[in-house]
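What follows is one structure encoded as structure tokens, with my remarks underneath.
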Amino acid sequence: MTVYQLTEETAWCPGCGNPMIRRAVQQALNELGLPPEQVVMVAGIGQAAKMPQYIEMNSFTGLHGRSLPAAIGIKLANTELTVIAQSGDGDNYGEGGNHFISAIRRNIDIAHFVHDNQVYGLTKGQASPTTAQGQITSVQSGGVKAMPFHPLAMALVTGAGFVARGFSGDHEQLVTIMKAALQFKGYALVDILQPCVVWNKINTFQWYKKRVQPLDDNHDTSNWDFAFAAARQWGEVIPTGILYQVEKPTYDEQYGFITGSAPLAARELAPQQAEPLLQRFY
Amino acid sequence: MTVYQLTEETAWCPGCGNPMIRRAVQQALNELGLPPEQVVMVAGIGQAAKMPQYIEMNSFTGLHGRSLPAAIGIKLANTELTVIAQSGDGDNYGEGGNHFISAIRRNIDIAHFVHDNQVYGLTKGQASPTTAQGQITSVQSGGVKAMPFHPLAMALVTGAGFVARGFSGDHEQLVTIMKAALQFKGYALVDILQPCVVWNKINTFQWYKKRVQPLDDNHDTSNWDFAFAAARQWGEVIPTGILYQVEKPTYDEQYGFITGSAPLAARELAPQQAEPLLQRFY
Amino acid sequence: MDYSIFIGGAAGQGLDTLSHILSKILQRSGFYVYTTSDYLSRVRGGQNFFQIRFADHLIHSATSRLDCIYALNHEVLLQHIDRLQENGLALADEEVPALDRLTRLPLRAIAEELGNVRVFNSVGLGYILKVFGLDFDRAQEMLQQIFVDETMFELNVQALHKGAALTESSVPVVPGKQRKHILINGNNATALGAIAAGCRYYCGYPMTPSSSILVFMDAVSQEMEIVVDQVEDEVAALNMALGASYAGVRAMTGSSGGGFALMQEAMSLAGIIETPVVVINVQRPGPATGLPTYTEQGDLRFVLHAGHGEFPKMVIALRDGEDAFYQTARAFNIADKYQIPVILLSDQYLADTEVTLPPFDFSKISIERHLADAQAYGPGTYYRYQVTESGVSPRLIPGARGNSVIVDSDEHDEKGRIDESADNRRTQVDKRMRKAQGLAQEVQPPWEFGADAPELLLVCWGSLAGPMREACDQLNAQGLVVRALVYGDIWPFHTERLHALHAQAKKLVVVEQNATGQFEGLMRQEALIRADEKLLKYDGRQWKSDEIVAALKEVLS
Amino acid sequence: MDYSIFIGGAAGQGLDTLSHILSKILQRSGFYVYTTSDYLSRVRGGQNFFQIRFADHLIHSATSRLDCIYALNHEVLLQHIDRLQENGLALADEEVPALDRLTRLPLRAIAEELGNVRVFNSVGLGYILKVFGLDFDRAQEMLQQIFVDETMFELNVQALHKGAALTESSVPVVPGKQRKHILINGNNATALGAIAAGCRYYCGYPMTPSSSILVFMDAVSQEMEIVVDQVEDEVAALNMALGASYAGVRAMTGSSGGGFALMQEAMSLAGIIETPVVVINVQRPGPATGLPTYTEQGDLRFVLHAGHGEFPKMVIALRDGEDAFYQTARAFNIADKYQIPVILLSDQYLADTEVTLPPFDFSKISIERHLADAQAYGPGTYYRYQVTESGVSPRLIPGARGNSVIVDSDEHDEKGRIDESADNRRTQVDKRMRKAQGLAQEVQPPWEFGADAPELLLVCWGSLAGPMREACDQLNAQGLVVRALVYGDIWPFHTERLHALHAQAKKLVVVEQNATGQFEGLMRQEALIRADEKLLKYDGRQWKSDEIVAALKEVLS
Ligand SMILES: Cc1ncc(C[n+]2csc(CCOP(=O)(O)OP(=O)(O)O)c2C)c(N)n1
Ligand SMILES: Cc1ncc(C[n+]2csc(CCOP(=O)(O)OP(=O)(O)O)c2C)c(N)n1
Ligand code: SF4
Ligand code: SF4
Ligand SMILES: [Mg+2]
Ligand SMILES: [Mg+2]
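Chains as they are written, first to last, in the working numbering: chain Z, 131 to 412; chain A, 131 to 412; chain W, 98 to 654; chain S, 98 to 654.
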């Protein structure tokens, strides 16, 4: 296996969930046999967002909170690319909240892998949108006052066609989910529970391990109500797996001209082709 | 009635729903007998956001999309104020989408009145997040490609304690809803269906009129599932009224020191009170 | 021959349609046309107006004096009647109260007689055409274009003739001879420039006065195979454009000041990931919401210093419709050549003013992508940020077998991997900054108009080009020895001609459309030259040529 | 007496705790302390270090030379051993490979013997304390403070003594005499200044190196009754602060360049609604993410021209911890007095460097709100934007019976209602801009150090104050005649002293922590003075005093 090579060194802590997620992405890409020149990974800023540093592949590491807009721009410019937006919970649900809603509404054909460690890792442990109410951090010394954000339920309500929950500690399932997300035509959200050993002492590996429970392999992934109930389940049992999977027209294909022949990025440019537009001004 | 006086002139078109909403706000405020010095209206930019121009009251007209942050700042600085954030669908669900999520999660004690004309009125009719998929506008000449945003369902999923849908054409109900929202302790969302006679030729007064159907006065407003179903109902019948109303701790009161004695804005400032903090550095 | 017709009233009274039809008739009748608009930020009501100047020679500005006023209400009439020339004609409906010099016409009455009050303006149009002895065939042609519905078309034609029947031709007009010009505003010219340059991706969030670029791009999206997208906010917009550009298409976004303000972080991103992009800021008066539908040159320094941190960029102010077309196309080449953001600075005046121009020559546009050849790189040998003498690294787009294209907003090494060492930092900063040297070679000198050995040097920039050019002509005609410099390329800053002319002239006056003289500050900074006088206008209304002349005379006296 | 101790290793090895304990021991032992840090943007691994300089006299900079190196791994040792003074001491665990001049100690072995490898660093600390003959009581006191757990505390004390037992006191140290100083970094000093000024609202989004302000404010939030809020993004942050300020509390927000970039539109809002607010930009090297944990003065012009459109603002660069305290407090008064945004410009170096300072004098802080008296206004007579000679309008906060407080981001009339007329526009722009005149009176001259009739004039700004001051002393000691100007108030720009000294000196050299000489450009713009030389450092590491001296000698030779 020489493609999607992993770097030996990373800046992640021993025990962190990120390396597990990295292994899963690598395996998913390889098992699907996606040629690396056709894949782009887009990230924001954060511990999760360092992922592209550590896999040999095309990548765009942009701004904190802005992985989705960049990913969308890339996809629209070249629909032949498989585009993965890969970043943290703070990145996607905090700073990038507006883009998250908008990406779902667009049903743009990208795979969205969110490393959800329920904390801002890189900046030293402040609350993220998914941190539990009441949890104490360096900036929430009195406990988090806001109610947590529910990414999966939100995505379902907003019309997402592919909604899944993974766990960095369940490698096999994660690979399966990722492969399905990558192959899904449309926006595919995978929220990945990931322990942060340094900053989140509540949602530890053990905490997740005790709660996660894979959904029955044969459950009906077209049942929205079931998926919604599973998405909202967050307690002694946290269901994982592909909650919902139903295709609908993607944003990109609605452009019509965008698919077919060459990708936009490869089409010939000739100024004089635009000359007839002048007619409108005579 | 000399308080909350309305200006005679407005820049709104004849037939627009905005003047109706203005009348409802005025009546609600008056019927509640809220002294105007205790009320602030906050708006963004748009046709809806011109509201504060046309009512005599304290107001903060800020930036497009940013009425909620300003409203939150105002409330936290002076919890004795009744704060109303009043703006358009583009303002709140488009440019301001991230603040919308965050305001709900905070359960900050403000009333949020969204004039939902399903279009960008002031900038001449482009699609808003609530414009129907496929609808044709000046910038979506091929029809809107994205799926619409569902503000009420979103609010419920994110934990909002007060969720209502009004219609500018049902004055009495609107006044009732607004009064309840103003009295509600916590974040209260009122999405107000409002025809735009110039730019939205689909969702006209008639279109709404035919569909809106007030919820039974006696329905159980603490039934989340019922509310959620009603929130998602959008077709031949569109239920209106207070869908859900359940109080929970507000963000502001969680600060503890914020309530009681004088509002923060009125507390005495004395530099030397901070001097003991120096101890930490000896 | 040189006339100005004023059409004023409230929003929603069909002023824009009337003005458009009249401008097109004049254009198609062979005149030079210059149509400015003045509208409030509202959909109905208020006092708006259009001013159509037409002549048998080149014109470059609106003027203060009016030859004809067509007023749809009393207020607008009162506000502008003072500007009417001695022999000028003021027209209004009978319902408008009588006023000295006002001709009241039965416009509404005729329209009602015809069975539809909405043809009101066509009655007025007929009257005006007749007074100026203009071509009714052109008028009919235009009405046909506008009113697709056959009965509405017929009704308007009738109204036209009824209006014409009310008067005689009384104003001497020479026949227009310029048959080949297009009539276009700055925003559409910019859009055409982008399309000609092969822009394949344009996104934005509606914001006056930039929105019409989005509208035009959308209208031709299918035909030209351009992805045009209204996005959730301006923060997204520039990040998206950068994504698209990284993936290989030419990408652009645009807004006005407030929206541009939201793009600052991504501007800085463009700088460090060295991804070309073109961004237009169509200025309106600030701060914040300000005057959304008026004009100003108030964002110059904001744009110049856009984005945190340090990185090379180029700023080009558009000067007129033609310039808008060619410079926009040029911007894409420069962005690609240096892998930098290029910012176009326009304003509401340029954006909305419709002017007759020689048709743009698309054959003059060349598309220079400056992309590296993927074949040249063996597996694993491509480095996105390779250190080169020019500072420009070879650019591949994703898709090259065996090589990853890695861009990163952190300080990175040649490969694109995070490297926080001091050595690497210096190396990469130096590499990026070296591009400024090449860029300096690209700079075009400012335009120059007027006398050769000037006593008075006038300096301005951007959309003041037209008014300044006319003012300069008028001043020279009045015996002063004046030369004008009009900056288009703002950054890098061109100093050579400024120094030379400054050395010659006795006085240097800067004319700007803002309150603080932002360009003058830049001149001090870059050329160590301080203006002797600054003429600053910041009421949202563009300097007219005659206003510049008058203001200059005042400061000179 | 003047020593520098270096503590280096990987993130997660407890460097920060060790450095903190040692710095506090030194402070409490009566020395002047100056502790700088150099860390990577990661939670574990990499090469980080702290450098603790201490002396029996005032010190203002880090130095290149080291007297003691305590290295937790081989790499960091190799990178820095060249900086060790001739008689200097290099320490490491036995596991680190042998090296010339390196003393290897059984740190880990002793810790393991004590039953807990984590007390490793206390062994090292004991050794260092002993070598420098420092006070063990102070050490025990600190350990007690850090290790609340009694057994852990005991274990660390044992480790301390075991470490001490390994050596003898060998470095001559005079007893410290300065018992009253606090040890504080720039961010905490800033936070204290804000709190002293009565700031009741601080919000922000975490961003290195500004986050520690948020952390400190949060820690004292309950005690001081300050609303401290981590918000959804930086766009929200400034809008929230403006809301809070409108409602009557003193409000502040802060970030670093990227987050500050997201506040541009709201900065402009502050300008037009004339609502006071204090914003701090703790700079780090850009563009975009850049070097998140390093230092730069790269945002000067970005900050100066922040916000679209034109409005008065003030920009103050913080120069050291004391300045951070007093200037932050002053910023609130100026913001309130002129109803403008005041921007504080700090940087990672100042933010993180811990220095002994005389305790801040809270009695020197006065709180001047400049609020109008609600009683003075009869019903309906209050106008938020009343036109005044100073340009400052009376400011009420909501709550005044009978009067509405109306602020609007559109151009408005005196009452706060939208008014798009040209007349009103001019009136309101003029009103706002007149505030610049008052503001100009507030400007404090730059600090000056050095010789009186200088041959060489050095100019710098912000956190270079300390290094520059020391460099200036050193240069004068070496026989040059040098004076330094250190700007704190950046805008409005103070020119008087600059002109005077420039006229005297033969040469003017600007020293900055960026690649383009941003301040030098401002000097050209505002004073028409061009520097003869620019010393620019942009590798993310702050100029040290000896580096400035060396670099200067090079350009002068
Ligand atoms: C505009 C902006 N604001 C703030 C930051 C600082 N920042 C970097 S990463 C981060 C949070 C990361 O949290 P998350 O996305 O959950 O990733 P994690 O580190 O937990 O994997 C923040 C606040 C930034 N880089 N840019
Ligand atoms: C940052 C920014 N972007 C864009 C705009 C332009 N703008 C003003 S109002 C508006 C849309 C208004 O739509 P909505 O909020 O639905 O209000 P409506 O006019 O329909 O009542 C837009 C896009 C702006 N003022 N600021
Ligand atoms: S800080 Fe947390 S998220 Fe970051 S690398 Fe360490 S364990 Fe992982
Ligand atoms: S444009 Fe639409 S929303 Fe605006 S005032 Fe007219 S009808 Fe109302
Ligand atoms: Mg996280
Ligand atoms: Mg709307």
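Note that beta-carbon positions come from the ideal geometry of N, C-alpha and C, so glycine has one too.
Cβ-heavy atom distance, residue i to ligand 4, below 7 Å
| i | result |
| --- | --- |
| Asn188 of chain Z | no |
| Trp354 of chain A | no |
| Arg141 of chain W | yes |
Beta-carbon separation (whole angstroms), residue i vs residue j, contact threshold 8 Å
| i | j | result |
| --- | --- | --- |
| Phe146 of chain W | Asp135 of chain W | 5 Å |
| Pro455 of chain W | His278 of chain W | 6 Å |
| Leu199 of chain W | Gly106 of chain W | About 15 Å; that fails the 8 Å criterion. |
Contact test: residue i Cβ vs ligand 1 heavy atom, cutoff 7 Å
| i | result |
| --- | --- |
| Asn284 of chain S | no |
| Asn430 of chain W | no |
| Met360 of chain S | no |
Minimum C-alpha distance to residue i - residue among the options
| i | options | result |
| --- | --- | --- |
| Ala568 of chain W | W:Ala159, W:Ser219, W:Leu226 and W:Gln534 | W:Ala159 |
| Pro406 of chain A | S:Asp570, S:Tyr391, S:Glu320 and S:Ala344 | S:Glu320 |
| Lys340 of chain Z | Z:Trp364, Z:Ser352 and Z:Asp347 | Z:Trp364 |
| Leu373 of chain Z | Z:Thr306, Z:Asp219 and Z:Tyr250 | Z:Thr306 |
| Gln135 of chain Z | W:Leu649, W:Gly499 and W:Lys603 | W:Gly499 |
| Ile494 of chain S | S:Leu366, S:Tyr343 and S:Glu651 | S:Tyr343 |
| Glu517 of chain W | S:Thr390, S:Thr453 and S:Lys634 | S:Thr390 |
| Leu164 of chain A | A:Ile185, A:Thr191 and A:Thr212 | A:Thr212 |
| Pro401 of chain Z | W:Lys461, W:Arg481, W:Asp99 and W:Val439 | W:Lys461 |
Any non-hydrogen atom of ligand 5 within 7 Å of residue i CB
| i | result |
| --- | --- |
| Val249 of chain Z | yes |
| Ser308 of chain S | no |
Ligand 6 heavy atom lying under 7 Å from the CB of residue i
| i | result |
| --- | --- |
| Gly218 of chain A | yes |
Contact test: residue i Cβ vs ligand 3 heavy atom, cutoff 7 Å
| i | result |
| --- | --- |
| Asn148 of chain Z | yes |
By the 7 Å beta-carbon criterion, what residues does the segment 597–612 of chain S contribute toward chain W?
Asn611 and Ala612
Any contact of the segment 570–581 of chain S with the segment 535–547 of chain S, i.e. 3+ C-beta pairs under 8 Å?
yes
Name, going along the chain, the residues of the segment 313–324 of chain S whose beta-carbon falls closer than 7 Å to a beta-carbon of chain A.
If the cut-off is 7 Å between Cβ atoms, the segment 313–324 of chain S has Val317, Gln319, Met321, Glu322 and Val324 near chain A.
Listed from N- to C-terminal order along the chain, which residues in the segment 184–205 of chain A have their beta-carbon within a distance smaller than 7 Å of any beta-carbon of chain S?
Closer than 7 Å at the C-beta level to chain S, one finds these residues of the segment 184–205 of chain A: Glu186, Met187, Asn188, Ser189, Phe190, Thr191, Gly192, Leu193, Arg196, Pro199, Ala200, Ala201, Ile202, Gly203 and Ile204.
May I ask you to verify whether the segment 455–471 of chain W touches the segment 384–391 of chain W, counting CB pairs closer than 8 Å and requiring at least 3?
The count of Cβ pairs closer than 8 Å, one atom from the segment 455–471 of chain W and one from the segment 384–391 of chain W, stays below three, leaving the stretches out of contact.
Counting only Cβ-Cβ distances shorter than 8 Å, please list the residues of the segment 166–186 of chain Z near chain S, keeping chain order.
Ile175 and Gln177
Going along the segment 491–505 of chain S in order, which residues come within less than 9 Å of chain A, judged by CB to CB distance?
Ile494, Pro495, Gly496, Ala497, Arg498, Gly499, Asn500, Ser501, Val502, Ile503, Val504 and Asp505
Short-range partners of chain W found in the segment 225–243 of chain Z, where Cβ spacing is below 8 Å
Against chain W - using a Cβ distance shorter than 8 Å - the residues of the segment 225–243 of chain Z are Asn228, His229, Ile231 and Ser232.
Taking Cβ-Cβ distances below 8 Å as the criterion, which residues of the segment 362–394 of chain S are in contact with chain A?
Glu362, Ala363, Leu366 and Ile370
Sufficient close CB pairs (3 or more, under 8 Å) joining the segment 353–360 of chain S to the segment 349–368 of chain W:
yes
Please confirm if the segment 244–263 of chain A is in contact with the segment 321–332 of chain A, defined as three or more CB-CB distances below 8 Å between the two stretches.
With a cut-off of 8 Å, the segment 321–332 of chain A and the segment 244–263 of chain A count as touching, because enough Cβ pairs lie within range.
How about the segment 506–524 of chain S and the segment 593–602 of chain S: do they share at least three Cβ pairs that are nearer than 8 Å?
no
Closer than 8 Å, Cβ to Cβ, to anything on chain W: give me those residues from the segment 359–387 of chain Z, in chain order.
Tyr385, Gly386 and Phe387
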